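Some notes on the structure that comes next.
2 protein chains.
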Amino acid sequence: MRETTISNTVLERLAIYYRSLKRLEENKVDYISSKELGEILGISSDQIRRDLYDFRMDISYYHDFGVRGRGYPVSYLLKILEKSLGLNNNVEIALIGAGSLGGALISYDEFKKIGLNIKYVFDINFNKAIRDLAGIEFYDVEQIDEILTKNQVKMAIIAVPAKAAQDVADIIVEAGVELILNFAPTYIEVPNNVMVRNEDLSIGLIGLSYYLSNKESELTFVKNLG
Amino acid sequence: MRETTISNTVLERLAIYYRSLKRLEENKVDYISSKELGEILGISSDQIRRDLYDFRMDISYYHDFGVRGRGYPVSYLLKILEKSLGLNNNVEIALIGAGSLGGALISYDEFKKIGLNIKYVFDINFNKAIRDLAGIEFYDVEQIDEILTKNQVKMAIIAVPAKAAQDVADIIVEAGVELILNFAPTYIEVPNNVMVRNEDLSIGLIGLSYYLSNKESELTFVKNLG
DNA sequence: TAGATTGTTAATCGATTAACAATC
DNA sequence: TAGATTGTTAATCGATTAACAATC
């Protein structure tokens, strides 16, 4: 894989900028300054300018993204981001695990909007209510290798229970998958050429829980004082 | 809110350690070294020791967590983490939005396992299949203020479409909610005393898309050479 | 021109890694 | 005692913020 200099942190924010710019374009906004965008997103304008600068260096882009005194041209910047992030290319994605979380991902609009399409869905259980959805093909997990290899699927989402995640990962990697979004609450081991992103739903909630319990102990403390 | 010195990055890893320790305890493991834990989690042993050290300083804990030459006593460390993260306290959470994502969250086992219970569910649509689930109370969004105020609910999950998210946030904050896990793909503005965590499902996928398109352009490059 | 805002460098801040004495 | 592993400080690395000249 090419060594990109761009960090995950910056990449995540670029994704956020992308989505915001898209909405701005829909609303026929021509220019947006880093200050305005920052207010919309709760990010400092310094940070936004710096991220876009780093990104421009990363893709070795000649011209400036913005116009001094005016801001960034929405459609122009959007197009560059779209191209570099590989969006709206109609990428076909496999989903393994069609339980309630998998079902939610299938009907999650945000993926489709950016051209990332869950097309092949695998589960051990064939009798699911979500089966008759348009544009999606349902298969048994037995067929993963066959279908993914044949269709050269490179990206997959794991939405199976934690204890099945590593087995599933092994199978899809064997079938040629190189990019995995892992919703199973466990670490999975893959070869060097494969990239995994963990999307762990409970981590965020645990973080909040920490602050809640701190808040409460503070309240107790205040009460004890008064 | 008390100024905690612990960073979000560390906090997230503590949540990961917690879950791992829980599994180790179930498997009757007495001691685990930072090296072994690191191998399970794909995190360096240095990082783990340092995180636990920072955490210990943060909670002003006298005694060492680990035993030199042996590692960390699983149950002991688990108990400390549990207490400090406020887990297994049977916290009652409100969920606003019972669409397919909301439905998936309701049946997501990981939350329950750590004592974070989605108890009050609100939606504009009363005719949902998920309605007849045990231990959960369904209400119309009209009743948010009444129910949350009465039951002093402090934590809530937003799983409504992006354009409704800010309105929902305003209502639940008004009703006394102080901690929000936001699944809507948009930034929401809240007062200073309220904490929001964004759980944005498409950001991770966009990140992968970036690497996919880089990989492909590299392949094209190699092909062009040969 | 005056005002606004970018691009970019330098300064600061925070997080990770390295190293090793302490000690089980 | 020898081997292992923690606790903790110092060194390094990376990310954010500040600052301001360039320029629309």
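These protein sequence lines are chains A and B, in that order.
For what it's worth, the numbering used here labels the leading residue of the first sequence as 12, then goes sequentially.
For what it's worth, the numbering used here labels the leading residue of the second sequence as 12, then goes sequentially.
The beta carbon of each residue, even a glycine, is placed where N, CA and C say it ideally should be.
Bear in mind the structure is a predicted one, so any value in this text is a computation, not a measurement.
Close beta carbons around residue i, own chain, < 6 Å, minus the five adjacent residues each side
| i | result |
| --- | --- |
| THR197 (chain B) | ALA173, ALA176 |
| VAL179 (chain B) | ILE107, ILE169, VAL171 |
| ILE54 (chain A) | none |
| TYR29 (chain B) | LEU92 |
| THR16 (chain A) | ASP69 |
Contact under 8 Å by Cβ, residue i with residue j
| i | j | result |
| --- | --- | --- |
| ILE169 (chain A) | GLY108 (chain A) | yes |
| ARG24 (chain A) | LEU219 (chain B) | no |
| GLY97 (chain A) | SER224 (chain B) | yes |
| ARG159 (chain A) | ALA105 (chain A) | With the sequence shown as reference, residue 159 (chain A) is identified as Leu, and Arg is not the correct amino acid for it. Yes, they are a contact pair. |
| VAL188 (chain A) | MET206 (chain A) | no |
| ILE70 (chain A) | SER95 (chain A) | yes |
| VAL184 (chain A) | VAL164 (chain A) | no |
Presumed contact (8 Å Cβ cut-off) between residue i and residue j, rounded CB distance
| i | j | result |
| --- | --- | --- |
| TYR42 (chain B) | LEU190 (chain A) | The pair is not a contact, with the Cβ atoms about 37 Å apart (cut-off 8 Å). |
| LEU116 (chain B) | ILE135 (chain B) | Actually they do not touch by this definition, with Cβ atoms about 17 Å apart. |
| SER118 (chain A) | SER45 (chain B) | That pair is no contact at about 42 Å. |
| TYR131 (chain B) | GLU148 (chain B) | 5 Å |
| ASN38 (chain A) | GLU103 (chain A) | So it is not a contact: roughly 30 Å between Cβ atoms. |
Contacts of residue i in chain A (Cβ-Cβ under 9 Å)
| i | result |
| --- | --- |
| GLU23 (chain B) | ASP211, ILE214, GLY215, ILE217, GLY218 |
| ALA176 (chain B) | Correct list: empty, because the minimum Cβ distance to chain A is about 13 Å. |
| ARG61 (chain B) | Here the premise fails: no neighbours, minimum Cβ distance about 18 Å. |
Outcome for residue i when other beta-carbon atoms lying within 10 angstroms are tallied against a minimum of 16
| i | result |
| --- | --- |
| ASN19 (chain A) | exposed |
| ASP181 (chain B) | exposed |
| VAL78 (chain B) | exposed |
| GLU210 (chain A) | buried |
| ILE217 (chain A) | buried |
| MET68 (chain A) | exposed |
| ASN193 (chain A) | buried |
| ASP75 (chain A) | exposed |
| GLY113 (chain B) | buried |
| GLY146 (chain B) | exposed |
| TYR72 (chain A) | exposed |
Per-residue contacts from residue i into chain B (C-beta, under 7 Å)
| i | result |
| --- | --- |
| TYR122 (chain A) | Contrary to the premise, residue 122 (chain A) reads as Phe rather than Tyr in this sequence. The answer, in chain order, is SER213, LEU216. |
Residues near residue i in its chain [Cβ-Cβ closer than 8 Å; skip 5 each side]
| i | result |
| --- | --- |
| ASN100 (chain A) | GLY126 |
| VAL21 (chain A) | ASP62, ASP65, PHE66 |
| ASP151 (chain B) | PHE133, ASP134, ILE135, PHE137 |
| GLU36 (chain B) | VAL85, SER86, LEU89 |
| ARG81 (chain A) | TYR42, SER44 |
| LYS226 (chain A) | none |
Contact set for residue i: own chain, Cβ-Cβ below 7 Å, skip 5 residues either direction
| i | result |
| --- | --- |
| ILE27 (chain B) | LEU52 |
| SER31 (chain B) | LEU48, ILE51, LEU52 |
| ALA186 (chain B) | ILE155, ASP156, LEU159, THR160 |
| SER56 (chain A) | SER45, LYS46, GLY49 |
Closer than 7 Å at the beta carbon, the chain A residues around residue i
| i | result |
| --- | --- |
| MET68 (chain B) | Those within 7 Å of MET68 (chain B) in chain A number zero; the least Cβ separation is about 15 Å. |
| LEU190 (chain B) | LEU219, TYR222, LEU223 |
| LEU127 (chain B) | LEU216, SER220 |
Beta-carbon neighbours of residue i, restricted to chain B and to distances below 9 Å
| i | result |
| --- | --- |
| LYS46 (chain A) | Within chain B, no residue comes near LYS46 (chain A); the closest Cβ sits about 15 Å away, beyond 9 Å. |
Under 8 Å by beta carbon: chain A residues contacting residue i
| i | result |
| --- | --- |
| ASN19 (chain B) | GLY218 |
| LEU96 (chain B) | ILE217, SER220, TYR221, SER224 |
| SER53 (chain B) | In the sequence under discussion, the amino acid at residue 53 (chain B) is Gly, which differs from the Ser named in the question. Near GLY53 (chain B) (Cβ distances below 8 Å), the residues of chain A are TYR198, GLU200. |
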